[in-house]
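Structure record follows, encoded as structure tokens.
Residue numbers (the working numbering): 2 to 252.
See below:
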């Protein structure tokens with residue numbers, strides 16, 4: 002019987018889908034480490050969880066830097082304990098035509114959106130192995146499934162997340178650890194609003210949304226609900242899966 006409160010780590014937990022996921026996992030009874038490169042955003046989310054009766058810790062790191070990741074994990078261990086649930090949500094976007102992508106731009110997208118997940122996961126998996134129980138949920142992207150113009154670097158990294166999910170699931174399943182991924186579509190987050198404001202998806206965003214079977218932006222809470230299911234006891238026989246939260250847009 003599980004008697005000790007489980008600890009979840011949500012990267013990119015200071016806003017958008019990460020914030021909604023941190024709030025949801027706290028409501029589900031987990032202690033939550035809210036990690037974000039923006040320390041003030043992380044602090045605000047952790048404070049809101051605490052004010053609602055939950056247990057939370059704010060920490061800051063650039064996940065593309067292994068030393069910063071290791072320092073953050075050490076802080077979480079000291080203040081909350083070993084980590085049982087990991088949500089690899091942190092990510093950055095960019096819109097650049099392929100022929101104009103610089104080496105620095107490519108490396109930054111891969112560094113945050115793929116290598117950062119590798120750093121965080123590798124730092125956390127020993128906790129899960131020791132417990133013989135764990136849940137890893139990776140946030141990919143609908144764009145990784147269908148492609149997206151001017152986002153080759155972003156979608157390449159997010160596609161790598163899908164492959165990493167399936168391989169890790171095979172490697173870790175016998176140790177009580179499930180590994181799944183969520184591929185959000187167009188979700189109403191600060192990142193999406195920046196994209197809309199800059200007309201990166203064309204001028205008529207309403208026409209784009211009207212083409213969806215569910216003709217609206219998704220809500221961060223809807224992604225959080227899918228993530229929370231994968232993190233639950235009920236999902237113990239589900240691994241190596243990719244769940245689209247995309248309004249029914251065809252893959």
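All C-beta atoms in this analysis are idealised placements derived from N, C-alpha and C, irrespective of residue type, glycine included.
Here the structure is a predicted model, which means the values were calculated and not measured.
Helix, strand or coil: which one does DSSP assign to residue i?
i: residue 17; result: helix
i: residue 81; result: coil
i: residue 53; result: coil
i: residue 245; result: strand
i: residue 237; result: coil
i: residue 136; result: strand
i: residue 29; result: coil
i: residue 12; result: strand
i: residue 37; result: strand
i: residue 142; result: coil
i: residue 150; result: coil
i: residue 177; result: coil
i: residue 219; result: strand
i: residue 111; result: helix
i: residue 102; result: coil
i: residue 93; result: coil
i: residue 127; result: helix
According to the neighbour-count rule (16 or more other Cβ atoms, all chains shown, within 10 Å of its Cβ), is residue i buried or exposed?
i: residue 198; result: exposed
i: residue 185; result: buried
i: residue 25; result: buried
i: residue 19; result: buried
i: residue 235; result: exposed
i: residue 65; result: buried
i: residue 240; result: buried
i: residue 1; result: Because the chain spans 2 through 252 in this model, residue 1 falls outside it and cannot be assessed.
i: residue 127; result: exposed
i: residue 90; result: buried
i: residue 123; result: exposed
Report all residues from its chain with a CB closer than 7 angstroms to the CB of residue i; omit the five preceding and five following residues, and keep chain order.
i: residue 163; result: 141, 145, 182 and 243
i: residue 114; result: 92, 93, 155, 158 and 159
i: residue 117; result: 64, 65 and 91
When you compare the CB positions of residue i and residue j, do they come within less than 7 angstroms of one another, or not?
i: residue 166; j: residue 139; result: yes
i: residue 84; j: residue 121; result: no
i: residue 228; j: residue 22; result: yes
i: residue 176; j: residue 133; result: yes
i: residue 81; j: residue 43; result: no
i: residue 216; j: residue 17; result: no
In chain order, what residues of the same chain have a beta carbon less than 6 angstroms from the beta carbon of residue i, not counting five sequence neighbours either side?
i: residue 245; result: 184
i: residue 250; result: 186 and 213
i: residue 99; result: 153
Quick test of your reading: residue i and residue j, contact by CB under 8 angstroms. State the CB separation rounded to the nearest angstrom.
i: residue 57; j: residue 79; result: Not quite, the Cβ-Cβ distance comes to about 15 angstroms (not below 8 angstroms), so this is no contact.
i: residue 72; j: residue 62; result: 7 angstroms
i: residue 92; j: residue 46; result: Rounded, the Cβ-Cβ distance is 17 angstroms, inconsistent with contact.
i: residue 12; j: residue 88; result: 7 angstroms
i: residue 193; j: residue 9; result: Residue 193 to residue 9, Cβ: 24 angstroms. No contact.
To which residues of the same chain is residue i closer than 8 angstroms at the C-beta, ignoring the five residues directly before and after it?
i: residue 151; result: 96, 97, 98, 99 and 201
i: residue 2; result: Because residue 2 carries a pLDDT of 46, less than 50, the predicted location of this residue cannot be relied on, and the following value inherits that uncertainty. So no residue of the chain qualifies.
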